[in-house]
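K.L.:
Counting from 27, one number per residue, gives the positions in the sequence shown under the numbering used here. Mind having a look at this structure? Questions to follow.
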Amino acid sequence: METERILIVYYSYSPSGNTRRIADLIRQEVGGTVHEIEPEAPYPRSYDATVDQAKGEIQSGYKPPLKSDLDSAKAYDTIFVGSPNWWSTIAPPVATFLSQHDLSGKT
Numbered sequence: 027m028e029t030e031r032i033l034i035v036y037y038s039y040s041p042s043g044n045t046r047r048i049a050d051l052i053r054q055e056v057g058g059t060v061h062e063i064e065p066e067a068p069y070p071r072s073y074d075a076t077v078d079q080a081k082g083e084i085q086s087g088y089k090p091p092l093k094s095d096l097d098s099a100k101a102y103d104t105i106f107v108g109s110p111n112w113w114s115t116i117a118p119p120v121a122t123f124l125s126q127h128d129l130s131g132k133t
């Protein structure tokens with residue numbers, strides 16, 4: 027029987043953020059490879075400045091370039107995608123990741 031290939035991708039604004047913690051919990055439960063989504067230009071350290079920037083990006087549909095990208099999601103059977111909830115949607119770096127990878131046929 028072939029082993030299921032699992033990928034856990036996530037973006038977390040904070041090094042100790044909830045999304046990062048959830049990604050770690052998923053890995054502990056089901057195994058798999060963890061890939062952190064990182065924008066080329068990090069968000070400002072100031073919470074208020076980050077709120078202003080992220081809100082503008084979401085409203086304009088901007089997808090920031092990513093620092094390092096996964097070669098391909100095709101090698102995986104199951105993919106977990108984690109994102110903070112910013113204004114009732116995903117964070118812009120996650121939108122970039124999803125626009126670059128065809129997850130059709132994945133669980």
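Idealized CB from N, CA, C, for every residue including glycine.
Candidates 85, 48, 71, 70: which alpha carbon is nearest residue 118's?
P.N.:
As a first step, residue 118 must be located in the sequence shown, where it is residue number 92. Of the candidates 85, 48, 71, 70, the one whose C-alpha sits nearest the C-alpha of residue 118 is 85.
K.L.:
Enumerated in chain order, which unbroken segments of the beta strand (DSSP E) with a length of 3 residues or greater are wholly contained in the region 41-68?
P.N.:
59-62
K.L.:
In or out: residue 71 buried (at least 16 other Cβ within 10 Å) or exposed?
P.N.:
As a first step, residue 71 is located in the sequence shown; it is residue number 45 there, counting from the start. It is exposed - the Cβ of residue 71 has fewer than 16 other Cβ atoms within 10 Å.
K.L.:
If you reduce the DSSP assignment to three classes, tell me which class residue 27 lands in.
P.N.:
Working through the sequence shown from its first residue, we reach residue 27 at position 1. Note on residue 27: pLDDT 49, under 50, position unreliable in the model; the coordinate value appears next. Note: residue 27 maps to coil in three-state DSSP.
K.L.:
For residue 88, count the other beta carbons within 10 Å of its own beta carbon; 16 or more makes it buried, fewer makes it exposed. Which is it?
P.N.:
What you label residue 88 is simply residue 62 of the sequence shown in a count that begins at 1. Residue 88 is exposed by the Cβ-count criterion.
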